[in-house]
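**Q** Submitted below is the structure of interest, expressed as structure tokens.
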Amino acid sequence: MVVGGGAREHTLVWKLAQSPKVKEIYAAPGNSGTAQIAHNLDIKPTDIESLAKVAQEKGVELVVVGPEAPLANGIVDHFQNIGMPIFGPIKAATKIESSKVFAKELMQKYNIPCAQSTSFSEYTQAKEYIRQHSPPIVIKADGLAAGKGVTVVDSIPQALNALANIMEARAFGAAGDKVIIEERLSGEEVSCFAFTDGKTVIPMVSACDYKPVYDGDQGPNTGGMGSYSPPHFLNPALSQKITETILEPAVKAMAREKRPYQGVLYGGLIVNKDEPKVLEFNARFGDPEAQVTLPLLKTDLVDILLAVINGNLDQMNIEWSEDACVGVVMASAGYPGSYKTGFPISGLNDLDKDILVFHSGTKVVSEPWQVLTNGGRVLTVVATGKTIAEAREKVYNNITRIHFDGCHYRKDIAEIRRSQ
Ligand code: AMP
Ligand code: GLY
1383 MVVGGGAREH TLVWKLAQSP KVKEIYAAPG NSGTAQIAHN LDIKPTDIES LAKVAQEKGV
1443 ELVVVGPEAP LANGIVDHFQ NIGMPIFGPI KAATKIESSK VFAKELMQKY NIPCAQSTSF
1503 SEYTQAKEYI RQHSPPIVIK ADGLAAGKGV TVVDSIPQAL NALANIMEAR AFGAAGDKVI
1563 IEERLSGEEV SCFAFTDGKT VIPMVSACDY KPVYDGDQGP NTGGMGSYSP PHFLNPALSQ
1623 KITETILEPA VKAMAREKRP YQGVLYGGLI VNKDEPKVLE FNARFGDPEA QVTLPLLKTD
1683 LVDILLAVIN GNLDQMNIEW SEDACVGVVM ASAGYPGSYK TGFPISGLND LDKDILVFHS
1743 GTKVVSEPWQ VLTNGGRVLT VVATGKTIAE AREKVYNNIT RIHFDGCHYR KDIAEIRRSQ
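Using our numbering, the first residue of the sequence shown is number 1383, and each one after it goes up by one.
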């Protein structure tokens, strides 16, 4: 059973379906993409009790959780209590994502490189600090805010606005009880992932995520408008450094803190002159990064998930393709602001054979059978190739054949400029 309904979860379902060990897959709630290869269940990812009940009724033998909310609400603890194998960290371990203040304190205590910062629970003290520290700085809500709790600011008024939005207007509710005020780092951003059973740490391939809505990183941040793997600036030495100075120490630190971490650990980093620093940790696969990393995985995903759950990841040899993979997100008009849904999507059957389309906000209606838009991010169009340029060309050659009213997507995903 795959919990979640985005393109990341469609990718997980697609990958699991390739395993000879998998007979049937349930997706909760899934989308019209997962409906083609799995049984969708109309249950919210945060309705943990109903998920557990249905999983028991259906005889589910393995559960994988996509989004952060059910993880932070303790879905893994609940399933472990009923003896059902589930992939993901326990609630105590998800704190590495659900509290940025906790993650910072952990990094400081265990010397994991990160941006310098101070945390505040008093609004007046935070205001005072801003008045005394010249921007550029970054203001972050402590808790989960669906990627919207972080503002990078250039001036004191902007900083005070961002702070008031979190602590006074309470835009993110209790997630804004505390804030972090952080130095602004510059460099290349990269999302790094590792499978871990709490002892062994095996890195996945890394990816770059494009958060702003428009080309050239203009406009407001989104859940992610595209991604590619592997990042052009990552070499084996730098990857090793990231594993040894960030991912492995973080897993060790969590064990020391009696919050043993199992699952995928996701480090959002900035790399400057080969020095990686952590911006945030997440307790799950990335979206849209899963859409461009899982297609490169050669090893059976079921074997990896079971090795993590059973604590014998040290026995696994995980293999990745040497190819590159590029994914571009097609979004509804207005996204990441308000948008309308229900527009027919055409062209999905007119694509080259090697193009993958992972659905997020889509639904199917019958008479006549049609796929309609049903969310802000609608589809991720993905291709692999021998090089980033080849994969990129395949995606952009095909994406123009897909259409829905008002659809927009970035034209510069995985575009590597000469100066880079
Ligand atoms: P986070 O949720 O902490 O990863 O922040 C969201 C986005 O804000 C990141 O992907 C970065 O683009 C940006 N960001 C966060 N922290 C910093 C920082 N210290 N310096 C520069 N940019 C940052
Ligand atoms: N790609 C950003 C995230 O999954 O949080």
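No residue lacks a Cβ here, since even glycine has one placed at the ideal position from N, Cα and C.
Nothing here was measured: the structure is a model prediction, and the numbers come from that model.
Mind listing, in chain order, the residues whose beta carbon lies closer than 5 Å to a non-hydrogen atom of the ligand GLY?
**A** This criterion selects Asp-1591, Gly-1606, Gly-1668, Asp-1669.
**Q** DSSP three-state label for Phe-1615, please.
**A** Here the question's residue 1615 lines up with position 233 in the sequence shown. If DSSP states are grouped into helix, strand and coil, Phe-1615 belongs with coil.
**Q** Pick out whichever of Leu-1398, Gly-1743, Lys-1522 has its Cα sitting closest to the Cα of Phe-1725.
**A** For the purposes of this step, residue 1725 is identified with residue 343 of the sequence shown, where counting begins at 1. Residue Gly-1743 is the option with its Cα nearest to Phe-1725.
**Q** So the alpha helix (DSSP H) Pro-1631 belongs to, where does it begin and stop?
**A** The residue you call residue 1631 lines up with position 249 of the sequence shown. That run of the alpha helix (DSSP H) goes 1630-1638.
**Q** Check each candidate in Glu-1431, Asn-1493, His-1460 and name the one with the smallest Cα separation from Pro-1658.
**A** Position 276 of the sequence shown holds residue 1658. Nearest C-alpha to Pro-1658 among Glu-1431, Asn-1493, His-1460: Asn-1493.
**Q** Can you check whether the CB of Glu-1570 is closer than 8 Å to the CB of Lys-1522?
**A** Within the sequence shown, residue 1522 is the residue found at index 140, counting from 1. Within the sequence shown, residue 1570 is the residue found at index 188, counting from 1. It is not a contact, given that the beta carbons lie outside the stated cut-off.
**Q** Beta strand (DSSP E) containing Tyr-1648: first to last residue?
**A** Within the sequence shown, residue 1648 is the residue found at index 266, counting from 1. 1645-1654 is the extent of the beta strand (DSSP E) around Tyr-1648.
**Q** Using the beta-carbon count (16 or more within 10 Å), is Ile-1795 buried or exposed?
**A** As a first step, residue 1795 must be located in the sequence shown, where it is residue number 413. Flag for Ile-1795 reads buried.
**Q** Just to confirm, are Pro-1618 and Val-1587 a CB contact at a threshold of 8 Å?
**A** Walking along the sequence shown from the start, residue 1618 turns up at place 236. Walking along the sequence shown from the start, residue 1587 turns up at place 205. Between Pro-1618 and Val-1587, the C-beta spacing is not below 8 Å.
**Q** Do Ile-1562 and Ser-1480 have their CB atoms nearer than 8 Å?
**A** As a first step, residue 1562 is located in the sequence shown; it is residue number 180 there, counting from the start. As a first step, residue 1480 is located in the sequence shown; it is residue number 98 there, counting from the start. No, they are not a contact pair.
**Q** Just to check my reading of the structure: Met-1712 and Ile-1584 have Cβ atoms closer than 8 Å, yes? What is that Cβ distance to the nearest angstrom?
**A** Residue 1712 sits at position 330 when you count from the first residue of the sequence shown. Residue 1584 sits at position 202 when you count from the first residue of the sequence shown. That pair is no contact at about 33 Å.
**Q** Compute every distance between the C-beta of Glu-1406 and the non-hydrogen atoms of the ligand AMP, then say whether any falls below 7 Å.
**A** Start at 1 with the first residue of the sequence shown, and residue 1406 comes out as number 24. Every heavy atom of the ligand AMP is 7 Å or more from the Cβ of Glu-1406, so no.
**Q** Curious, which full-length beta strand (DSSP E) runs of at least 3 residues does the segment 1501-1554 contain?
**A** 1519-1523, 1532-1535
**Q** Could you tell me the alpha carbon to alpha carbon distance between Val-1572 and Ala-1508, rounded to whole angstroms?
**A** Within the sequence shown, the letter at position 190 stands for residue 1572. Within the sequence shown, the letter at position 126 stands for residue 1508. Looking at the two C-alpha atoms, the distance is approximately 29 Å.
**Q** Just tell me which of Lys-1560, Leu-1526, His-1460, Val-1595 has its CA closest to the CA of Val-1710.
**A** Counted from its first residue, the sequence shown places residue 1710 at position 328. Taking only the C-alpha atoms, the option nearest Val-1710 is Val-1595.
**Q** So for Trp-1751, helix, strand or coil by DSSP?
**A** Locating residue 1751 in the sequence shown gives position 369, where the first residue counts as 1. In this structure, Trp-1751 counts as coil in the three-state DSSP scheme.
**Q** Would the segment 1418-1428 count as touching the segment 1590-1610 if we require 3 or more Cβ pairs under 8 Å?
**A** A contact between stretches requires three or more CB pairs, one per stretch, nearer than 8 Å, and the segment 1418-1428 fails this requirement with the segment 1590-1610.
**Q** In terms of residues, what are the limits of the alpha helix (DSSP H) holding Leu-1688?
**A** Locating residue 1688 in the sequence shown gives position 306, where the first residue counts as 1. First-last of the alpha helix (DSSP H) with Leu-1688: 1683-1692.
**Q** Please find out if some non-hydrogen atom of the ligand AMP comes closer than 7 Å to the beta-carbon of Lys-1522.
**A** Here residue 1522 corresponds to residue number 140 of the sequence shown, with the count starting at 1. Checking every heavy atom of the ligand AMP against the Cβ of Lys-1522, one is found closer than 7 Å.
**Q** On the DSSP letters alone, give me the boundaries of the alpha helix (DSSP H) that Pro-1602 sits inside.
**A** Along the sequence shown, one-based indexing puts residue 1602 at 220. Annotation: Pro-1602 is outside any alpha helix (DSSP H); the continuous beta strand (DSSP E) that includes it extends over 1600-1603.
**Q** Could you please give the first and the last residue of the uninterrupted alpha helix (DSSP H) stretch that includes Asn-1780?
**A** Here residue 1780 is taken as the residue at index 398 of the sequence shown, counted from 1. It spans 1770-1781 - the alpha helix (DSSP H) in which Asn-1780 sits, taken as one unbroken run.
**Q** Report yes or no: do three or more beta-carbon pairs, one from the segment 1455-1469 and one from the segment 1687-1695, lie closer than 8 Å?
**A** In short, these stretches touch, since the Cβ pair count reaches three.
**Q** Is the closest heavy atom of the ligand AMP to the C-beta of Ala-1497 under 7 Å?
**A** In the sequence shown, the residue the question calls residue 1497 occupies position 115. Yes, the Cβ of Ala-1497 comes within 7 Å of a heavy atom of the ligand AMP.
**Q** Would you kindly work out how many angstroms separate the C-alpha atoms of Arg-1513 and Gly-1758, rounded to a whole number?
**A** Against the sequence shown, residue 1513 aligns to sequence position 131. Against the sequence shown, residue 1758 aligns to sequence position 376. In a straight line, the C-alpha of Arg-1513 is about 37 Å away from that of Gly-1758.
**Q** Per DSSP, what kind of secondary structure is Asn-1493 in: helix, strand or coil?
**A** For the purposes of this step, residue 1493 is taken as the residue at position 111 of the sequence shown. It is coil, neither helix nor strand.
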